[in-house]
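The structure appears below as structure tokens.
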Amino acid sequence: MDLDRPLTRPDVLNDWNPAMEGSTREFEDVFLLTPSTPHYPPSHSQKSPPPSPTPSRDHHHLLPTQLRLAQIVEMLHTASLLHDDVIDASPLRRGAPSAPSKFGSKLSVLGGNFVLGRASTALARLGDGEVTQLIASVISNLVDGEILQMRDVVLGGGDVGMEEEGTTQDIGIQGKTKNAWTIYLQKTYLKTASLMAKGARSAVVLGGCEEGEVWKDIAYAYGRNLGIAFQLIDDILDYESTSTPGSADLTLGKPGGADLQLGLATGPALYAWEEFPEMGELIGRKFEGPGDVEKARSLVLRSSGVHRTKLLAKSFAEKAKEVLEELPESVAKAGLVALTERVIGRRS
Ligand code: FPP
Ligand code: MG
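For the sequence shown, position 249 (counting from the first letter as 1) is numbered 298 according to the numbering used here, and the numbering increases by one without interruption.
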């Protein structure tokens with residue numbers, strides 16, 4: 050019940066000092082101190098009850114705190130997409146006009162921050178320090194990932210490399226593609242897989258996993274591998290879209306061919322670079338030269354880049370499935386296995 054207490058008081062538009070529960074003022078009034086009366090019936094404990102030390106083995110059992118965690122994770126995801134559609138100037142999201150195209154960038158950013166604020170309050174209410182730290186760190190991971198994505202393609206100036214600024218050491222095309230892959234996968238973890246890995250781990254923490262038990266690590270490994278597979282498939286779908294680049298793809302629910310236009314070299318382009326060295330130059334200048342986007346797309350489609358990225362995604366999904374082997378058979382486990390297959394087979 051405590052978890053479900055409304056976050057918004059009916060008088061939210063009025064002034065409210067949290068130390069004076071029940072006391073609200075119209076802004077026209079001078080602010081006067083009045084004795085406080087509790088607005089909500091006091092709860093028995095400030096904190097949520099600790100999770101049961103012996104979690105239920107009932108396969109269908111979901112704790113209210115775990116359900117709330119799932120909602121918090123979805124809220125973080127939504128907040129990040131509200132911001133992402135501003136950064137990517139995307140006109141569509143899930144088949145509908147994106148928030149920035151409908152309400153403008155300012156309201157989208159503010160809306161994202163609002164959802165983030167609400168998610169943070171709900172997270173605090175879960176009353177679990179370990180989960181709070183895990184989920185809070187996801188927020189910074191999302192931002193880190195997005196920043197890494199902005200800078201990864203410009204490393205080394207005109208061409209992609211990992212030379213420290215000021216050094217001229219030539220690491221060769223193999224070294225450059227290897228470094229670009231490292232950055233790409235790191236970014237993929239930060240912007241996508243971290244939420245799934247730490248979200249899954251948090252669910253197990255709330256389930257009452259004891260220190261030293263392996264369940265938390267299984268959950269983390271599952272979410273991490275599944276998340277990377279998910280993003281690799283996302284990056285493939287951008288190339289498999291049959292819509293003209295930049296225009297709406299009805300199956301995908303967003304414009305296809307967007308990554309190259311945003312200057313992003315994802316898995317398929319990085320593999321294509323190994324087969325067509327001229328790709329390096331295009332990546333280095335973020336496909337900004339005349340005809341670069343079309344040329345890069347044609348190189349990718351002539352290469353085995355999409356195919357190899359799919360194989361890589363499958364290997365991550367397979368690893369996610371493998372870590373589940375340690376778990377006893379259950380409906381929940383079957384659901385997690387099925388999810389690894391759906392992530393690979395998805396078309397939107
Ligand atoms: C979608 O990627 C975007 C993300 C997975 C993360 C975006 C994160 C931020 C903008 C940082 C801000 C975060 C918060 C919590 C406010 P994509 O552009 O590859 O996918 P898309 O094609 O579906 O847009
Ligand atoms: Mg985007």
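Cβ coordinates follow ideal geometry from the N, Cα and C atoms, glycine included.
Per DSSP, Val342 is one residue of the alpha helix (DSSP H) stretching across 341-351. Between ligand 1 and the CB of Thr241, the shortest heavy atom gap is smaller than 8 Å. Residue side-chain check: Ser129 places its Cβ nearer than 8 Å to a non-hydrogen atom of ligand 1. Exclusion of Ala297 from the 8 Å shell around ligand 2 follows from its C-beta lying no nearer than that to any non-hydrogen atom of the ligand. Take the alpha-carbon of Ser139 and the one of Ala119: they are about 26 Å apart. Placement of the Cβ of Ile184 at a distance of 8 Å or more from every heavy atom of ligand 1 is found. Contact annotation: Ile121 and Leu159 have beta-carbon atoms that are not nearer than 9 Å.
When secondary structure is reduced to three states using DSSP, Leu141 falls in the strand class. Between Arg142 and Gly302, the C-beta gap is smaller than 9 Å, which places the two residues in contact. Membership of Gly316 in the alpha helix (DSSP H) is indicated by the continuous run 316-324. By the beta-carbon neighbour count (other beta carbons within 10 angstroms, threshold 16), Arg273 is buried.
For Glu367, the uninterrupted alpha helix (DSSP H) segment begins and ends at 354-372. Around the beta carbon of Asn162, fewer than 16 other beta carbons sit within 10 angstroms, so the residue counts as exposed. Of the candidates Glu260, Trp264, Gln115, the residue whose Cα lies closest to the Cα of Leu175 is Gln115.
Between Ala345 and Leu309, the C-beta spacing is below 9 Å. Residues Pro100, Leu112, Thr114, Gln115, Leu118, Leu175, Asp177, Val180 of the same chain have their beta carbon placed closer than 8 Å to that of Leu255, with the five preceding and five following residues left out of the count.
For ligand 2, the residues with a Cβ under 5 Å from any of its heavy atoms are, in chain order, Asp133, Asp137. Taking the CA atoms as reference points, Lys151 sits about 19 Å from Ala307. For Pro304, the pairing in a beta bridge is given by DSSP as Ala297. Taking 8 Å as the cut-off, the C-beta of Leu125 counts as close to a heavy atom of ligand 1. In this structure, the C-beta of Asp53 stays at least 8 Å away from each heavy atom of ligand 1. Fewer than three pairs of CB atoms, one per stretch, sit closer than 8 Å, so the segment 361-375 makes no contact with the segment 331-348.
When rounded, the separation of the alpha-carbon atoms in Arg357 and Ala318 is 11 Å.
Between Arg395 and Ile282 the beta-carbon gap is near 6 Å, inside 8 Å, which marks them as a contact. Contact check for Glu324 against Ser353 passes: the beta carbons are separated by less than 9 Å.
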